[in-house]
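J.: Numbering (the UniProt record's numbering), first residue to last: 1 to 610.
For each residue, glycine too, the CB sits at the ideal point set by N, CA and C.
1) Excluding the 5 residues flanking residue 304 on each side, which residues of the same chain have their C-beta closer than 7 Å to its C-beta?
2) Please go through the same chain and pick out, in chain order, the residues whose beta-carbon is closer than 8 Å to the beta-carbon of residue 381, but skip the five residues on each side of it.
3) I'd like the list of long-range same chain contacts for residue 343, defined as Cβ closer than 6 Å, with 5 residues on each side in sequence excluded.
4) How far does the beta strand (DSSP E) with residue 486 in it extend, from its first residue to its last?
5) Between 96, 89, 238 and 104, which has its C-alpha nearest residue 30's C-alpha?
6) Name the two residues that bound the continuous alpha helix (DSSP H) containing residue 528.
7) Just list the beta strand (DSSP E) runs in the region 120-181, keeping only unbroken ones of 3 residues or longer that don't cross its boundaries, in chain order.
8) With distances taken from CA atoms, which of 582, 591, 605 and 50 is nearest residue 309?
9) Determine the direct distance from the alpha carbon of residue 508 to that of residue 291, and round the result to whole angstroms.
10) Near residue 564, which residues of its chain fall below 7 Å by C-beta distance, leaving aside the five closest residues on each side in sequence?
11) Report yes or no: do the region 318-329 and the region 127-143 share at least 3 C-beta pairs separated by less than 8 Å?
12) Within a Cβ cutoff of 7 Å, which residues of the same chain sit near residue 8, ignoring the five residues on either side of it in sequence?
13) Spatial neighbours of residue 591 within its chain, please: C-beta separation below 8 Å, excluding the five flanking residues on both sides.
14) Taking C-alpha atoms, which residue in 458, 440 and 418 lies nearest to residue 431?
15) So what does residue 21 bridge to, in DSSP terms?
16) Since residue 267 and residue 407 are thought to touch, with beta carbons under 8 Å apart, how far apart are those beta carbons, to the nearest angstrom?
17) In the DSSP output, which residue or residues are listed as bridge partners for residue 395?
18) Between the region 53-60 and the region 84-97, are three or more C-beta pairs nearer than 8 Å?
19) Spatial neighbours of residue 383 within its chain, please: C-beta separation below 8 Å, excluding the five flanking residues on both sides.
20) Return the chain-ordered list of same chain residues with a C-beta closer than 6 Å to the C-beta of residue 196, the five sequence neighbours on each side being excluded.
21) In its own chain, which residues sit with a C-beta less than 8 Å from the C-beta of residue 602, not counting the 5 before and 5 after it?
22) Can you find the residues in the same chain that come closer than 7 Å, C-beta to C-beta, to residue 605, ignoring five residues on each side of it along the sequence?
23) Report yes if the C-beta distance between residue 402 and residue 464 is below 7 Å; otherwise report no.
24) Could you tell me which residues DSSP pairs with residue 422 in its beta bridges?
25) Leaving aside the five residues before and after residue 16 along the sequence, list all residues of the same chain whose C-beta is less than 8 Å from its C-beta, in chain order.
26) Hey, could you find the ends of the alpha helix (DSSP H) residue 76 is sitting in?
27) Do residue 138 and residue 167 have their beta-carbon atoms positioned less than 7 Å apart in this structure?
28) Within the same chain, show all residues whose beta-carbon is closer than 6 Å to that of residue 576, passing over the 5 residues directly before and after it, in chain order.
29) Residues in its own chain within less than 8 Å of residue 489 by CB, not counting five upstream and five downstream?
30) Among the residues of its own chain, which have a CB less than 6 Å from the CB of residue 355, if the five just before and after it don't count?
31) Helix, strand or coil, according to DSSP, for residue 16 in the structure here?
32) In the DSSP assignment, what residue or residues form a beta bridge with residue 537?
33) Taking Cβ to Cβ, would you say residue 119 is nearer than 7 Å to residue 32?
34) Would you kindly work out how many angstroms separate the C-alpha atoms of residue 353 and residue 362, rounded to a whole number?
35) Please check the pair residue 429 and residue 396, which I expect to be a contact at CB under 8 Å, by giving their CB distance rounded to whole angstroms.
36) Taking only the alpha-carbon atoms, compute the straight-line gap between residue 180 and residue 436 and give it to the nearest angstrom.
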């Protein structure tokens, strides 16, 4: 069904077309040049703080122990030297530059070593969700191995190595190393790395596995000429080489592989330099697992500025987040709207005492920037965030895996009071340099007018060539020597060129002859009921509330209809407990999985039918 048939169009405020070219972007030709900038600027400053690892962890890879007495903390020069030792070990083990490393490892110093090593050796990086190690997902893991054909595989421990040995059975991997003594039972030449000893539960002569520490210390170190030759090649990387393969969250179905070119990630690092800069990159919190596209991009952006990446482990944990903010005076954090709700609750209930006792909001005064994204951002979310982090600049960054997690937009607003809203919806910003953005009228087959709703299409230097295996090929198209991506979002561009994303086209709800987007209703509900909300399609908009409220269902329905209009009137209101759910289901990026909530609502309603 076309968007024109779904939406009631109002007269346009401008006859301008909803397409803007952000202009030319000057960029570095390699990723290593970007991170080497931070190394040169701040060689003895901290590159990584890993809050969950001991200060002497992997100390033999550095010339001195971690500077922090309570957890691991490495400088840029320590990280660089450790990565060179690992690179030497890989080369000694027969790994060829330009091949692929597959990682199923937690966040920590080992991940940062391998990320830096991959930049030096020009390895294609593939980080996967640790859940793929579960026996129930072995078929999916095998598909991934077939798809990416790794020459190096890194896992946490012997259990992970055993799982990969089982998953790799009877999968032929092309010879991508030069050391045929590393052939396994499948006649493949693959180097396996574990982060811990022993590397495998079943030692054998043909085992591919060795520990990271053994790999880095068992081979002769690279001499000065070898090192310079390797780094020189890293500085002149091919822009058309695949830097990394990211996978979509799978909210819309099976995760799709997104091959991001070197030119693409370099574009992101340059284009998004407004986001992480010398004023806010001092302590950058990373909680997202490294399989999420935002994690490597944020790490590389931080290193580009000579800042410190603060890792708390795997995944979002509100307690660990606020502890890190207080303990390490974190300056930059990333939140989704759902995360913000959790932070709000926690701030009201905790007392922190790292050095100075602070309660609630006082302990977050060190935060200079809060990045919001990962889901629709509303006026209420922005206002709440500004109240919780009064010293911070609040920015919205609309990242898409297919565009390298960023690169299409820039946030031009310095204060939340200056932000224009479309109803309750926040903009995603202005078009960034190096990007072209359009709102597409699918029915007319042309660019829409300003102030009109349509499909959001993006063209920029970080757009992937296509999905792996060519799936969903109609999401990309070539026009006028430009490579476009149809994002699947419903968007609008105002008369000043500010872009709004109102939600996913698949989440559109038809109600009373009009089209309803869930996000504005959810924002209105949360403000009125003081609890988290999710709106799904159950014969019209249907609200699910996360917690108790003093408002009655009648009051809630009346408020929504009066505030947003009858076309947004709710069909009903239930609580999570009515659906036998303890919390909203979320994916790896902490977005609410709307189809699961909708299914639970429909199941619940079916039990009420007489």
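T.: Let me lay it out:
1) 34, 35, 37, 38 and 269
2) 337, 340, 372, 426 and 523
3) 318
4) 482-493
5) 238
6) 518-529
7) 124-127 and 152-155
8) 50
9) 29 Å
10) 520, 521 and 524
11) no
12) Confidence at residue 8 is low in this model, with a pLDDT of 46, below 50, so the placement of that residue is unreliable and no value is reported for it.
13) 249, 251, 336, 338, 374 and 375
14) 458
15) 436
16) 5 Å
17) 371
18) no
19) 416
20) 157
21) 538
22) 538
23) yes
24) 425
25) 449, 450 and 495
26) 76-92
27) yes
28) 546
29) 455, 456, 501, 502, 503, 504 and 505
30) With a pLDDT of only 43 at residue 355, under 50, the local geometry of the prediction cannot be trusted, and the value read off the model is given with reservation. Around residue 355: no qualifying Cβ.
31) coil
32) 541
33) yes
34) Summary for residue 353: the model assigns pLDDT 48, below 50, so the residue's position carries little reliability; its value from the coordinates is reported in the next sentence. Distance between the alpha carbons of residue 353 and residue 362 is about 12 Å.
35) 7 Å
36) Low local confidence applies: a pLDDT of 43 at residue 180 is under 50, so the model's placement there is unreliable, with the coordinate-based value given in what follows. Approximately 48 Å, taken between the alpha carbons.
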